[in-house]
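Peer 1:
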Amino acid sequence: LAASPWSVRVQRLEGGRRQGVELIEVDTGLLRFDVLPTRGMGIWQAHCGGHRIGWRSPVQDGPVHPSLVPLEAWGGLGWLEGFDELFARCGLEWNGPPYRDGDRTYSLHGRIANIPAHDVALEFDDKPPYAITIEGIVDETRLFGAQLEMRSRISAVPGTTRLTVRDQITNRKSQPSGFQLLNHWNLGPPLLEQGSRLVAPVKLLCPRTADAAEVLDRFDIYEAPRPGAPELVYFFELWGTGARDETVVMLKNRASDLAVSLRFSLREQPRFIVWKNHAGTNDGYVTGLEPAVNYPNPRPYETSQGRVIPLAPGESYDVETTFEIHLGKDTVVAVEREIDALRRQGQPVIHPAPLEPYVVP
Amino acid sequence: LAASPWSVRVQRLEGGRRQGVELIEVDTGLLRFDVLPTRGMGIWQAHCGGHRIGWRSPVQDGPVHPSLVPLEAWGGLGWLEGFDELFARCGLEWNGPPYRDGDRTYSLHGRIANIPAHDVALEFDDKPPYAITIEGIVDETRLFGAQLEMRSRISAVPGTTRLTVRDQITNRKSQPSGFQLLNHWNLGPPLLEQGSRLVAPVKLLCPRTADAAEVLDRFDIYEAPRPGAPELVYFFELWGTGARDETVVMLKNRASDLAVSLRFSLREQPRFIVWKNHAGTNDGYVTGLEPAVNYPNPRPYETSQGRVIPLAPGESYDVETTFEIHLGKDTVVAVEREIDALRRQGQPVIHPAPLEPYVVP
Amino acid sequence: LAASPWSVRVQRLEGGRRQGVELIEVDTGLLRFDVLPTRGMGIWQAHCGGHRIGWRSPVQDGPVHPSLVPLEAWGGLGWLEGFDELFARCGLEWNGPPYRDGDRTYSLHGRIANIPAHDVALEFDDKPPYAITIEGIVDETRLFGAQLEMRSRISAVPGTTRLTVRDQITNRKSQPSGFQLLNHWNLGPPLLEQGSRLVAPVKLLCPRTADAAEVLDRFDIYEAPRPGAPELVYFFELWGTGARDETVVMLKNRASDLAVSLRFSLREQPRFIVWKNHAGTNDGYVTGLEPAVNYPNPRPYETSQGRVIPLAPGESYDVETTFEIHLGKDTVVAVEREIDALRRQGQPVIHPAPLEPYVVP
Numbered sequence: 021l022a023a024s025p026w027s028v029r030v031q032r033l034e035g036g037r038r039q040g041v042e043l044i045e046v047d048t049g050l051l052r053f054d055v056l057p058t059r060g061m062g063i064w065q066a067h068c069g070g071h072r073i074g075w076r077s078p079v080q081d082g083p084v085h086p087s088l089v090p091l092e093a094w095g096g097l098g099w100l101e102g103f104d105e106l107f108a109r110c111g112l113e114w115n116g117p118p119y120r121d122g123d124r125t126y127s128l129h130g131r132i133a134n135i136p137a138h139d140v141a142l143e144f145d146d147k148p149p150y151a152i153t154i155e156g157i158v159d160e161t162r163l164f165g166a167q168l169e170m171r172s173r174i175s176a177v178p179g180t181t182r183l184t185v186r187d188q189i190t191n192r193k194s195q196p197s198g199f200q201l202l203n204h205w206n207l208g209p210p211l212l213e214q215g216s217r218l219v220a221p222v223k224l225l226c227p228r229t230a231d232a233a234e235v236l237d238r239f240d241i242y243e244a245p246r247p248g249a250p251e252l253v254y255f256f257e258l259w260g261t262g263a264r265d266e267t268v269v270m271l272k273n274r275a276s277d278l279a280v281s282l283r284f285s286l287r288e289q290p291r292f293i294v295w296k297n298h299a300g301t302n303d304g305y306v307t308g309l310e311p312a313v314n315y316p317n318p319r320p321y322e323t324s325q326g327r328v329i330p331l332a333p334g335e336s337y338d339v340e341t342t343f344e345i346h347l348g349k350d351t352v353v354a355v356e357r358e359i360d361a362l363r364r365q366g367q368p369v370i371h372p373a374p375l376e377p378y379v380v381p
Numbered sequence: 021l022a023a024s025p026w027s028v029r030v031q032r033l034e035g036g037r038r039q040g041v042e043l044i045e046v047d048t049g050l051l052r053f054d055v056l057p058t059r060g061m062g063i064w065q066a067h068c069g070g071h072r073i074g075w076r077s078p079v080q081d082g083p084v085h086p087s088l089v090p091l092e093a094w095g096g097l098g099w100l101e102g103f104d105e106l107f108a109r110c111g112l113e114w115n116g117p118p119y120r121d122g123d124r125t126y127s128l129h130g131r132i133a134n135i136p137a138h139d140v141a142l143e144f145d146d147k148p149p150y151a152i153t154i155e156g157i158v159d160e161t162r163l164f165g166a167q168l169e170m171r172s173r174i175s176a177v178p179g180t181t182r183l184t185v186r187d188q189i190t191n192r193k194s195q196p197s198g199f200q201l202l203n204h205w206n207l208g209p210p211l212l213e214q215g216s217r218l219v220a221p222v223k224l225l226c227p228r229t230a231d232a233a234e235v236l237d238r239f240d241i242y243e244a245p246r247p248g249a250p251e252l253v254y255f256f257e258l259w260g261t262g263a264r265d266e267t268v269v270m271l272k273n274r275a276s277d278l279a280v281s282l283r284f285s286l287r288e289q290p291r292f293i294v295w296k297n298h299a300g301t302n303d304g305y306v307t308g309l310e311p312a313v314n315y316p317n318p319r320p321y322e323t324s325q326g327r328v329i330p331l332a333p334g335e336s337y338d339v340e341t342t343f344e345i346h347l348g349k350d351t352v353v354a355v356e357r358e359i360d361a362l363r364r365q366g367q368p369v370i371h372p373a374p375l376e377p378y379v380v381p
Numbered sequence: 021l022a023a024s025p026w027s028v029r030v031q032r033l034e035g036g037r038r039q040g041v042e043l044i045e046v047d048t049g050l051l052r053f054d055v056l057p058t059r060g061m062g063i064w065q066a067h068c069g070g071h072r073i074g075w076r077s078p079v080q081d082g083p084v085h086p087s088l089v090p091l092e093a094w095g096g097l098g099w100l101e102g103f104d105e106l107f108a109r110c111g112l113e114w115n116g117p118p119y120r121d122g123d124r125t126y127s128l129h130g131r132i133a134n135i136p137a138h139d140v141a142l143e144f145d146d147k148p149p150y151a152i153t154i155e156g157i158v159d160e161t162r163l164f165g166a167q168l169e170m171r172s173r174i175s176a177v178p179g180t181t182r183l184t185v186r187d188q189i190t191n192r193k194s195q196p197s198g199f200q201l202l203n204h205w206n207l208g209p210p211l212l213e214q215g216s217r218l219v220a221p222v223k224l225l226c227p228r229t230a231d232a233a234e235v236l237d238r239f240d241i242y243e244a245p246r247p248g249a250p251e252l253v254y255f256f257e258l259w260g261t262g263a264r265d266e267t268v269v270m271l272k273n274r275a276s277d278l279a280v281s282l283r284f285s286l287r288e289q290p291r292f293i294v295w296k297n298h299a300g301t302n303d304g305y306v307t308g309l310e311p312a313v314n315y316p317n318p319r320p321y322e323t324s325q326g327r328v329i330p331l332a333p334g335e336s337y338d339v340e341t342t343f344e345i346h347l348g349k350d351t352v353v354a355v356e357r358e359i360d361a362l363r364r365q366g367q368p369v370i371h372p373a374p375l376e377p378y379v380v381p
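Protein sequence lines, in the order shown, are assigned to chains L, Z and E. Read in our numbering, the first sequence has 124 at position 104, and its numbers run on one by one without any break. Read in our numbering, the second sequence has 354 at position 334, and its numbers run on one by one without any break. Read in our numbering, the third sequence has 41 at position 21, and its numbers run on one by one without any break.
1) Any chance you could list the beta strand (DSSP E) runs of at least 3 consecutive residues sitting entirely within the region 318-351 of chain Z, in chain order?
2) Quick one: does Asp231 (chain L) have its CB under 8 Å from some CB of chain E?
3) Rounded to the nearest angstrom, what separates Ala373 (chain E) and Glu92 (chain E) at their Cα positions?
4) Would you give the residue range spanned by the alpha helix (DSSP H) that Ala232 (chain L) belongs to?
5) Around the C-beta of Val369 (chain L), are 16 or more other C-beta atoms found within 10 angstroms, so that it is buried, or is it exposed?
6) Under the assumption that Arg192 (chain L) contacts Gln167 (chain L) (Cβ atoms under 8 Å), give the Cβ distance between them as a whole number of angstroms.
7) Assuming Gly198 (chain L) and Ile329 (chain L) form a contact by the criterion Cβ under 8 Å, report the distance between their Cβ atoms to the nearest whole angstrom.
8) Could you tell me which of E:Gln39, E:Leu97, E:Ile359 and E:Asp303 sits nearest to Leu218 (chain E), measuring between CA atoms?
9) Assuming the contact rule is C-beta atoms closer than 8 Å, Trp64 (chain Z) and Leu33 (chain Z) should be a hit. Round their C-beta distance to whole Å, please.
10) Nearest by alpha-carbon distance to Pro78 (chain L): which of E:Val269, E:Thr161, E:Pro318 and E:Asp265 is it?
11) Just reading off the alpha helix (DSSP H) that Gln93 (chain E) is part of, what are its end residues?
12) Quick one: list the residues of chain L neighbouring Pro86 (chain E), beta-carbon separation under 8 Å, in chain order.
13) Between Gly382 (chain Z) and chain E, is there a C-beta pair that is closer than 8 Å?
14) Beta-carbon separation of Val268 (chain E) and Trp295 (chain E) under 8 Å?
15) May I ask you to list the residues that DSSP assigns as paired with Asp187 (chain E)?
16) For Val380 (chain L) and Pro148 (chain L), I'd like the C-alpha separation in whole angstroms.
17) Listing by chain order, which chain E residues have their CB less than 8 Å from the CB of Thr190 (chain Z)?
18) Could you check what DSSP says for Val380 (chain E) in three-state terms: helix, strand or coil?
19) Assuming contact is defined by CB atoms lying nearer than 8 Å, are Ala137 (chain E) and Ala176 (chain E) in contact in what I supplied?
20) Does DSSP put Leu100 (chain Z) in a helix, in a strand, or in coil?
21) For Gln325 (chain E), would you say it is in contact with chain L, using Cβ-to-Cβ distances shorter than 8 Å as the test?
22) Mind listing which residues of the region 282-306 of chain L have their C-beta closer than 8 Å to chain E's C-betas, in chain order?
23) Under 6 Å Cβ to Cβ from His129 (chain L), same chain only, skipping five residues before and after it: list those, please.
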């Protein structure tokens with residue numbers, strides 16, 4: 021068995037809006053993180069090297085049970101009543117800002133994060149590297165609508181500070197269908213602070229709004245919390261390498277001795293989005309690092325841009341993201357070098373102004 | 021006590037969207053069926069003679085807890101996120117397609133199927149025929165609105181393949197009120213297949229839409245699953261007999277050796293609707309046999325046609341339906357003969373085109 | 021310890037729409053009442069001197085779990101599907117009738133009554149008067165929205181017929197915010213009957229609607245239940261006294277031997293509203309006595325009138341109300357004398373017609 025001590029703990033939470041939420045705590049010995057089957061296999065928070073990795077959401081009493089999240093409320097922004105995770109998926113039928121189509125409201129970031137997983141299973145490999153895996157299936161289905169199934173496997177290896185999310189999305193309909201997926205990784209203090217930096221192999225950069233365009237030259241630097249600061253969003257294409265067109269992005273603290281990286285294949289997730297929310301300390305001071313199959317525009321626009329992934333009946337699509345925490349300057353520098361190597365493929369194209377609408381015209 | 025072995029099992033379901041749903045499995049020895057108090061006393065599925073009787077809904081992880089069914093979503097079609105039962109009631113304040121009245125959405129098929137029953141009780145008769153009964157009360161009530169109470173009794177006799185649903189709807193308001201009720205019995209494979217047939221003592225037949233009118237001559241024959249096929253709906257009046265104007269309808273398989281019949285009084289349920297959904301195998305290949313007090317049009321239209329049942333303060337209305345499974349050619353033929361006898365009362369009136377709107381004008 | 025026998029019982033309710041609701045029954049020896057942490061620290065009902073104090077709501081199967089209350093339904097009146105309490109708070113971001121602002125629905129009476137409390141605690145003082153306290157925290161928060169926290173403490177002293185609700189509302193946002201609060205105390209039979217009377221130190225009285233204006237001279241007298249009677253609402257200012265500008269109002273039965281009083285500071289709650297619902301016995305025959313920080317108009321109107329309480333970041337506002345049951349003529353007369361004394365401060369100003377809109381123009 022694994023040389024490092026590890027553990028898995030399953031709980032059902034009690035009290036308030038978290039009543040009935042199932043939480044599975046995985047501890048690799050170096051990294052501890054909480055999987056939330058009840059919230060669509062999201063990850064609530066992680067702990068590593070004495071740091072809490074995640075963010076301080078205004079939702080203080082979460083994780084919130086999906087039955088108490090009114091997605092259609094607030095003109096389709098009800099998702100925000102339950103949003104407090106380190107990792108929340110946006111999709112599967114659509115994601116992005118709310119929009120209306122006739123009498124239908126397509127609410128912010130879709131439904132997947134608020135659908136409880138079923139057939140949740142724990143797996144422990146009995147051979148090296150002795151991976152621990154939590155599996156769960158989330159069905160985003162209804163009669164006369166999409167029938168998208170997500171089989172999610174979240175794995176970690178004892179003695180590492182790394183976890184991997186592997187989602188397989190399958191079209192269970194007897195007809196062609198399509199899906200969208202944006203992986204919303206959210207980081208606040210202590211990793212996020214004035215002077216924190218995004219390190220990314222940027223191939224293309226485009227601000228989502230005029231606000232974001234105005235401070236485009238500082239897209240990779242973070243400011244101190246500032247109550248009332250507007251959210252800033254940037255859309256990216258990245259450089260990758262190898263057969264799977266692998267890339268890596270990183271958020272590091274000011275001292276460059278604490279960082280989080282995300283690794284993913286640009287074949288699977290060709291888009292990347294950064295959400296900078298320099299809000300007040302209590303108001304959601306956070307940044308989102310978001311590998312995605314699409315940009316978070318209303319689905320009709322994404323469809324027109326060919327960014328909804330088509331799936332034949334029974335067809336599947338795999339998405340894998342590896343999240344790692346880096347402790348100490350040496351490990352942070354090593355990742356920076358890796359990103360520098362990717363950058364050498366070419367100069368970034370930078371659009372000084374928004375290219376795309378972010379509401380339905 | 022009953023000569024046949026029988027049993028009743030009560031469970032609370034665990035995991036996914038079914039978390040917390042109460043399920044009562046009744047086994048008569050020949051027929052096993054699952055009552056869902058949590059979903060308004062619906063019936064999830066039945067098993068008989070080695071066959072599963074019910075349908076394969078796109079909702080694969082049901083039965084879904086009502087707290088996770090957003091009725092108002094999808095322009096009022098949210099009911100479809102929880103719809104996977106052999107038997108689901110539509111009502112009580114209204115049923116039919118969603119419509120809006122000012123700022124109010126009247127969502128598809130009303131609320132009753134998503135209101136948990138209270139005061140659920142099991143009864144076992146100690147004298148022949150030793151009936152087993154599940155009782156539950158469902159309140160569709162609110163201040164300044166309807167106060168409709170449904171006392172439902174679902175009974176079965178050991179050693180039979182039959183169950184009876186007796187619903188008593190009472191107006192608990194101190195003012196006159198009204199209700200609608202459509203009993204949605206849903207059947208898929210193996211009973212439903214290419215060549216399955218509806219056998220009914222038709223007095224009047226009217227297609228709901230132009231689609232249905234086009235294939236009117238095949239209203240009683242079922243096609244193979246076909247992805248993307250439109251749903252077809254037919255409205256009926258039936259012939260009955262006796263003091264209670266009893267009628268019977270049947271769905272039989274191609275070989276005529278497996279069938280389901282519904283018996284009901286036309287005094288109680290004067291309308292009958294058939295929903296044919298020749299969709300793909302995974303997309304809800306199913307037919308609905310629907311005895312009802314009204315047609316599933318928006319309530320304002322049904323009111324104009326005198327098809328909302330008025331109830332004085334404290335007044336009740338009883339609705340009883342007997343569902344039976346027929347195994348073997350002989351039992352199927354016997355029911356066909358019975359229906360033939362009813363048919364002899366007159367030629368059916370057949371309307372070649374829709375007579376009624378199915379949306380609010 | 022306390023000389024009087026007392027008890028506290030905690031239950032989680034089972035069955036129907038109350039499944040999972042936590043109920044804490046406090047018995048002072050003379051007064052028994054049920055606190056509902058799951059329904060925002062409301063109070064379901066009380067028992068005293070052999071009387072049930074509360075009302076008979078059309079919601080017969082409550083208390084209803086918030087996950088089954090669709091606030092946005094019915095054009096924003098969904099709150100009424102869960103409303104059956106002796107005491108329900110309306111707020112905190114807004115209260116009053118539903119209104120729309122762009123694509124957002126601000127539903128009837130806000131969200132606080134349907135948010136489960138967390139960190140619920142029981143406290144028993146070990147020194148006189150040995151108060152029993154139930155504490156709970158209710159968060160009305162979301163990203164990009166209000167972050168209002170209510171710390172509620174409901175206390176009673178053994179051997180009394182009195183309970184005190186102390187709510188502390190805190191702005192947890194790093195930005196200025198505001199809140200509204202209306203305390204909805206609801207009383208039906210046996211206290212409410214033909215000839216019951218409101219006794220209040222009225223400084224100003226204004227009917228909310230033309231209906232209410234028409235019977236203005238009988239604002240303080242109650243009629244028998246009458247199916248279909250319209251609700252009548254009156255807005256008040258009251259006379260108070262002392263450093264905290266304390267006031268008291270009372271509802272007494274016809275015989276003046278059973279009454280309920282509410283005591284509160286006009287500094288904390290400067291408004292008072294009476295809701296008279298002379299409906300049929302089964303339809304919600306009830307009156308609401310409602311101390312409040314604001315009038316129940318749409319928030320934009322209340323903002324224009326300076327009746328939304330501003331809160332700086334981290335700032336708190338305390339609201340305390342004492343509810344007491346009076347058994348026997350002597351105790352009722354004593355409170356009447358107290359109210360008479362307050363009245364001597366001046367003649368009431370009575371507006372013969374509505375002064376304020378009750379819908380958004």
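Just so it is clear, CB atoms sit at the ideal spot from N, CA and C, and this is done for glycine as well.
Peer 2: In short:
1) Note on the region 318-351 of chain Z: whole beta strand (DSSP E) runs with a minimum of 3 residues are 329-331 and 336-347, in chain order.
2) Against chain E, the CB of Asp231 (chain L) has no partner CB under 8 Å away; the residue lies outside that interface.
3) The straight-line gap from Cα to Cα measures roughly 31 Å.
4) From DSSP, the alpha helix (DSSP H) with Ala232 (chain L) extends over Ala230 to Glu234.
5) Of the residues assessed, Val369 (chain L) falls on the exposed side of the cut-off, its CB having fewer than 16 other CB atoms within 10 angstroms.
6) Approximately 4 Å separates the beta-carbon atoms of Arg192 (chain L) and Gln167 (chain L); this is inside 8 Å, confirming the contact.
7) Right, their Cβ atoms sit about 6 Å apart.
8) Nearest in C-alpha terms to Leu218 (chain E), of all of E:Gln39, E:Leu97, E:Ile359 and E:Asp303, is E:Ile359.
9) Actually they do not touch by this definition, with Cβ atoms about 10 Å apart.
10) Here the closest residue by C-alpha is E:Thr161.
11) Sequence check: residue 93 (chain E) is Ala here, not Gln. Annotation for Ala93 (chain E): the continuous alpha helix (DSSP H) segment containing it runs Ala93 to Gly96.
12) By Cβ distance, chain L contributes Leu88.
13) Residue 382 (chain Z) falls outside the range modelled here, since chain Z spans only 21 to 381, and no answer is possible.
14) For the pair Val268 (chain E) and Trp295 (chain E), the CB atoms are not nearer than the 8 Å cut-off.
15) According to DSSP, which records beta bridges pairwise, Asp187 (chain E) is partnered with E:Ser172 and E:Val339.
16) Residue placement at Val380 (chain L) is poorly supported in this model, since its pLDDT is 42, which falls under 50; the coordinates are not used for a value here.
17) Neighbours of Thr190 (chain Z) in chain E, taken as residues at a C-beta separation under 8 Å, are lacking, since the least C-beta distance is about 11 Å.
18) Since pLDDT at Val380 (chain E) reaches only 42, below the 50 mark, its modelled position is unreliable, and no value is offered.
19) No. Outside cutoff.
20) Residue state, collapsed to three classes: helix.
21) No, Gln325 (chain E) does not count as interfacial toward chain L.
22) Cβ contacts with chain E come from Ala299, Gly300, Thr301, Asn302, Asp303 and Gly304.
23) Around His129 (chain L): Trp99, Cys110 and Asn115.
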